[in-house]
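Protein chains in written order, with UniProt numbering: chain V, 1 to 385; chain G, 1 to 385; chain B, 1 to 385; chain D, 1 to 385. Below: one structure, written as structure tokens.
4 protein chains.
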Amino acid sequence: MNKRKIAVVITARPSYSRVKTVLSAIQLHPNLELQLIVAASALLDRYGSAVNYIVKDGFEIAAKVFNVLEGENLTAAAKTTGIGILELSTVFDNLKPDVVVTVADRFETMATAIAASYMNIPLAHIQGGEVTGNIDEKVRHAITKLADYHFVASESAKERVVKLGENPEFVFNTGCPSIDLAKEVKENSDSLPFNPYEKYGGVGATPDLSNGYLVVMQHPVTNEYQDSRKHIEATLEAVYQLNRPTLWFWPNVDAGADGTSTGIRAFREQHQLPNVHFFKNMEGKDFLHLLHHADCLIGNSSVGIRESAYLGVPVVNIGTRQNRRDRGSNVVDATYDVQAIKNAIEERISSSKQISNVYGGGDAGKQIAELLEQLPLQFHKTIMY
Amino acid sequence: MNKRKIAVVITARPSYSRVKTVLSAIQLHPNLELQLIVAASALLDRYGSAVNYIVKDGFEIAAKVFNVLEGENLTAAAKTTGIGILELSTVFDNLKPDVVVTVADRFETMATAIAASYMNIPLAHIQGGEVTGNIDEKVRHAITKLADYHFVASESAKERVVKLGENPEFVFNTGCPSIDLAKEVKENSDSLPFNPYEKYGGVGATPDLSNGYLVVMQHPVTNEYQDSRKHIEATLEAVYQLNRPTLWFWPNVDAGADGTSTGIRAFREQHQLPNVHFFKNMEGKDFLHLLHHADCLIGNSSVGIRESAYLGVPVVNIGTRQNRRDRGSNVVDATYDVQAIKNAIEERISSSKQISNVYGGGDAGKQIAELLEQLPLQFHKTIMY
Amino acid sequence: MNKRKIAVVITARPSYSRVKTVLSAIQLHPNLELQLIVAASALLDRYGSAVNYIVKDGFEIAAKVFNVLEGENLTAAAKTTGIGILELSTVFDNLKPDVVVTVADRFETMATAIAASYMNIPLAHIQGGEVTGNIDEKVRHAITKLADYHFVASESAKERVVKLGENPEFVFNTGCPSIDLAKEVKENSDSLPFNPYEKYGGVGATPDLSNGYLVVMQHPVTNEYQDSRKHIEATLEAVYQLNRPTLWFWPNVDAGADGTSTGIRAFREQHQLPNVHFFKNMEGKDFLHLLHHADCLIGNSSVGIRESAYLGVPVVNIGTRQNRRDRGSNVVDATYDVQAIKNAIEERISSSKQISNVYGGGDAGKQIAELLEQLPLQFHKTIMY
Amino acid sequence: MNKRKIAVVITARPSYSRVKTVLSAIQLHPNLELQLIVAASALLDRYGSAVNYIVKDGFEIAAKVFNVLEGENLTAAAKTTGIGILELSTVFDNLKPDVVVTVADRFETMATAIAASYMNIPLAHIQGGEVTGNIDEKVRHAITKLADYHFVASESAKERVVKLGENPEFVFNTGCPSIDLAKEVKENSDSLPFNPYEKYGGVGATPDLSNGYLVVMQHPVTNEYQDSRKHIEATLEAVYQLNRPTLWFWPNVDAGADGTSTGIRAFREQHQLPNVHFFKNMEGKDFLHLLHHADCLIGNSSVGIRESAYLGVPVVNIGTRQNRRDRGSNVVDATYDVQAIKNAIEERISSSKQISNVYGGGDAGKQIAELLEQLPLQFHKTIMY
């Protein structure tokens, strides 16, 4: 019997972390062949070169797709997607996958979805059915309508995909694959197993982490483009005033990324930050170790909603980016306001750990690989109502 | 007060016919400025040069977008869409519309939807919420998820869009604008007001039409690509055997178009067809006159489901292309089978006219223009559940 | 030792015919590996599907590149070239050729030249140094300036490439590979070895060819776009008036192709042509047989200048397309004038055969393969003066 | 009389500086209309945002073209050019210029040349006929072969363009427009008229400039991609050892840019540089003032060859980038070797000013505008031999 060829398209560093266990499970499955395609910002230095981690983790790359068009505007996001379609359709034509897998909701994942569905290749979507509240929201549900199989991360996401008219037979709550990694970390992490400054370099102060520390990760919000600098400044000011040991991660690419990055750079030039260190990126697993031992995660990353639930890390979630997503009781929300952020951080630091399985129990990768082997190959569907 | 700039993107001849009254209503509206963009097959000779009719009808064209990539395969459809995004994002950047309007469900309309939504321009979609059953189905509902306003053509379409999680405040059953034209034709058509052979040329026999005639319009079905030739041959054989005066229209562009076209060409070379005339295209209004006086429409065109309902024309609908669309009692369905098609045609010819308002009452264009003036400008939405 | 990988990009039917013996010689060479890339109009039905002949001739295709953008305008030629660069750079990235070979002067060959030279892949150019007199002229010499090796077809071409500042060490007069085929045909052709009507179908009359016949092949001239219809009409009228057995070949793709095609179609509808048969395309070898036995070749094809010299076929060369190219004494020139064309044809028919080796002696393919194996790999050059 | 529409495409900061006086002269000319198109890295923050200076200088921008594809490889340069053709052909279609002007030899200027020439728009090329010695060399002469008018900067460049087969009637030695600015600066610069640290920020030390200073500007050399880091390190080390007041400018975009940039960043982290300040960019005029008062210019920028000749600034030219370009006696060359660079700098600092008019006398902009008004509009040419 021929192995089923499963093409997975990774377009950004966080997406890679999220589905790493899916990739491993496909690779290990005797009846599946992994065709890993690395595209967009996952290939670029400026955004953390996910590709280096992918290679280091031992995955073979079937094709690289450079499609990020530079430009400080929203037009570039549209054009990046258009170029992505041109390039990915060639790749699919060469690799002839049996199934294409796309992840989550970043704008450029639409290129994967369109190329596959227009070429009559069955399309699987990981992490449909969630709610965000910006352009990602439109993208995510549009991809659901293009996809043939849905591997969702929670019960409420499953309900939502079914409400969208998808056939329940092809909607599966596997839990989120990111929890698979969190499980592994939790089971093997009595203390931080590496020195982050030595291993990842970065810039800024190198505060002592042994008495606890904050982690900050805040991305721009696409359709509040012009506000992204103001938003990051509120967080910067709050962290500056608290003056606790802090590990800060640069945002990933988006229209508006430069607003956020510029904000950070300018703030650093104007202020002494004796307790703050900045990282460009970190391997997913190491980041989870860091998170597991953190006093609090601050920002708007989905890791605060997702892995942090399973790990029980206290989280201050800022702004609208994670609106209406399922969350455990480990999370409190704050507006883009210095005092609100400070208060929330202080409240969280003084609380006890609260753990939740809302995003699954740690075997999503294995479940998804099993389904990819068993599901009937099909690219034709009709809305259920 | 500045007029609202409404960009409408027309990508194919049938889409133009369908929204012509919307264009007129926008153009006539004192507070709206029409920015008409003609793209894809609407510009090309091979597909009936909709652009010539557009110019002749007196519309000014704000931009032309050539984005059809030649190639007898599905990859070309994907690439055409990618190029469309590249080109349309430039056009939108130049024209700076307040709202972009996209029509129906052709694959390349996705380029309009992505360019507009990624650039934070409010997107209006005409004819969402209907059911087709091929790649168009995926496209249509995906566009619904990208769109901010929905102008649907029937009550069941409205219900479906709302079920898809759209805010009912922005879903409007305006009826189908194609009915606006049908209404006008019906009110002014005692007999066929022109000689189709003289006015439109074409090839083949020129049968006498005064004692009734059949009209055939059958398009390939995208994801049954290799079958398209076989499908058209069944219809050709049935029409050949019936040997009645017949007016046959070439299919519009699609992956697979060449299967259908080749089938027709080959059949013509092998058979005498003394009662069949072939047209490449016809102005929408003239086509409706022709339809209004026809004994029966045969094929899989949406005109059989839609305008024919209002006009009460008997219709034999072949195959799956119009599956699950609302239809009046004027329609019977047939499979891709010579005898089934023959029987259905004969049954229809002998029946009485049956009229239905399921797709509206003839004022859709005006309603849509009114809404485009009044609706709040927004490009941010969240799923309703 | 690893074989050198030689990527040859074929973008049109005539280019394929021209370099077929080069492809064979590369394929047969023990130290070379052929990577054949078929692109642009060579893939399309409308332009004679060179790809079918390529497959039939037993060549394996390493990659197909669809890059023809439809559109009846010059912008489409530019965009086709842009898409070609996007696609070919991906192909080269995958195939990692040691040398890229591009042929002649068609506008889209610039895509091959740019992708290869920008990616630091040594570029070989076949048929540089000739003179045409339209956009091809600009393209041909620009490619010379991008290329690292030059395989030219005549002594005067060699001189011209050297004058253009190229290093004479890398300029080789191999003769034209098209002559290799002509040689083979000449040595094996006592009479026409096939019935062209049976083998190639086509449309129109089927005149008896046993007492001689004319062959017509006339392409549009790019930068006289609007005149292409008028030009073809002069030729049509001349051939119509002569009323001899005539085999007419459709033009290949170009901006303006539709002017020529439309002209032919319209003329056929308005005139009876009892002695003219139209072919869409023909295998190169069969065409040479046909030519070898023809009374006269009419039009502006380079075959009139090139293979016809070696075969000694009388030629009426119309218009400016072959201006300033080397020619044997078998050629007379005519303007786009009915009477001039008629007179020239009559003069030619009554002349004796005149043979010339100006374009080589029939071993170009083998010479080029040898050079591709031996030349030092380099992509860096400096003008010689 | 209608004004002639002159489209000038600016793709990078240095190109803008170079042709600024041409833009002014076109704008001021009563019979010309300037259509200024800003593209590629000229739009991007990372490469100094030439666009901001353009706006500040009072030029109106007719269109912006974002076409830089991110990627640390040569494929991205090819794709950037392909996207450039797609975008510029749309822009030209909209603006309908009478003449398109392209500048110098950067890889992406080929997109301008192809779009214009394929669309039958007369193409003028500024700075043809010079010799560089990398991919720019291929690009420059290829553009000469696509261009219809040539505005060259020196007598030897003129001779070279004529040798390339261009019609001498359309080759004009106007001198280099960059000299126009140098002339203005020279006539108005007794001392440095601004404080560069205050006006341009930047990072690093702020050495006292009143007793003389060095200026460094070194770009990567495209086809020595992997060496670009090693090259920059030799210069860094030499400057570090000399320890004189130094103003260092970041390189502009190129494949390999990241090698150079990374080299600088790494060196700064490992060394104290108490006398070196780094600038991202500077207005052309201010840079010339800076240069005029500098003890020595170091690196491989063409400004060392060109403006420095007229100003008489001592120059140490490193490596191959300016090979075979005309130079005045103010220049000495050095290899990529620390000691060689140091020696050359010391020798230069101790020499006297040497002035040359090899690149013109300061009225190039005006001459070019005059020619653009008077030259016959033509896009058809034939090689002269």
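Using N, Cα and C, we set each Cβ at its ideal position, and we do this for glycine too.
I'd like to check one pair, residue j with residue i: are the Cβ atoms closer than 7 Å?
i	j	result
D:T80	D:T11	no
D:P245	D:Y197	no
D:A63	D:Y16	no
G:D105	G:V65	no
G:G56	G:E33	As written in the sequence, residue 56 of chain G is Lys, which differs from the Gly given in the question. For G:K56 and G:E33, no; Cβs fall outside 7 Å.
B:L247	V:L86	no
B:H141	D:K158	no
V:G99	V:I6	Residue 99 of chain V is actually Val in this sequence, not Gly. Yes, the Cβ-Cβ distance between V:V99 and V:I6 is below 7 Å.
G:C176	G:A294	no
Identify the contact partners of residue i in chain G, using a Cβ-Cβ distance below 9 Å as the criterion.
i	result
V:G82	T81, G82, I83, G84, I85, L86, E87, L88, S89, A111, I114 and A115
V:I135	S117, Y118, N120, F379 and H380
Output, in chain order, the set of chain B residues within a Cβ distance shorter than 9 Å of residue i.
i	result
G:V68	L69, E70 and G71
D:K163	K163, L164, G165, I383 and Y385
In terms of alpha-carbon separation, which member of the options lies closest to residue i?
i	options	result
D:I298	D:R324, D:Y336, D:Q270 and D:E269	D:Y336
G:I135	V:M119, V:L273 and V:H231	V:M119
D:I318	D:F107, D:P14 and D:D333	D:D333
G:E346	G:V358, G:I355, G:Y359 and G:V331	G:V331
V:Y240	V:W250, V:H29, V:F287 and V:I264	V:I264
D:N73	V:L43, V:G129 and V:R13	V:L43
G:Q270	G:L236, G:L288 and G:L242	G:L236
Check the Cβ of residue i against every Cβ in chain G and list those closer than 7 Å, keeping chain order.
i	result
B:A77	Correct list: empty, because the minimum Cβ distance to chain G is about 11 Å.
Name the chain B residues that come within less than 7 Å of residue i, Cβ to Cβ?
i	result
D:L242	The contacting residues do not exist; D:L242 stays about 32 Å from chain B at best.
Report all residues from its chain with a CB closer than 6 Å to the CB of residue i; omit the five preceding and five following residues, and keep chain order.
i	result
V:R268	none
G:K366	A25
D:V162	P168 and V171
B:I368	V22, F151 and T174
Considering only residues of the same chain and omitting the five flanking positions on each side of residue i, which have a CB-CB separation below 7 Å?
i	result
D:Q378	P122 and D148
B:G202	H277, F278, F279 and K280
G:E155	N173
D:G165	I383, M384 and Y385
B:Q354	G312, G328, S329 and N330
Going by beta carbon distance, what residues of the same chain come within less than 8 Å of residue i, once the five residues before and after it are set aside?
i	result
V:V131	E137, R160, N323, R324 and R325
V:P376	none
What distance in whole Å lies between the Cβ atoms of residue j and residue i, which are believed to be in contact at a cut-off of 8 Å?
i	j	result
B:I126	B:V276	About 34 Å; that fails the 8 Å criterion.
residue 388 of chain B	D:A78	Residue 388 of chain B lies beyond the stretch modelled for chain B, which goes from 1 to 385, so this question has no answer here.
D:I349	D:C296	5 Å
B:L181	B:G284	6 Å
G:I179	G:E307	7 Å
B:A266	B:V338	Incorrect: roughly 16 Å between the Cβ atoms, too far for contact.
Cβ closer than 7 Å: which chain V residues qualify as neighbours of residue i?
i	result
G:V101	Going along chain V, no residue has its Cβ under 7 Å from G:V101, so there is no contact; the nearest lies around 17 Å.
Using a cut-off of 7 Å between C-beta atoms, extract the partners of residue i located in chain D.
i	result
B:F107	Y118
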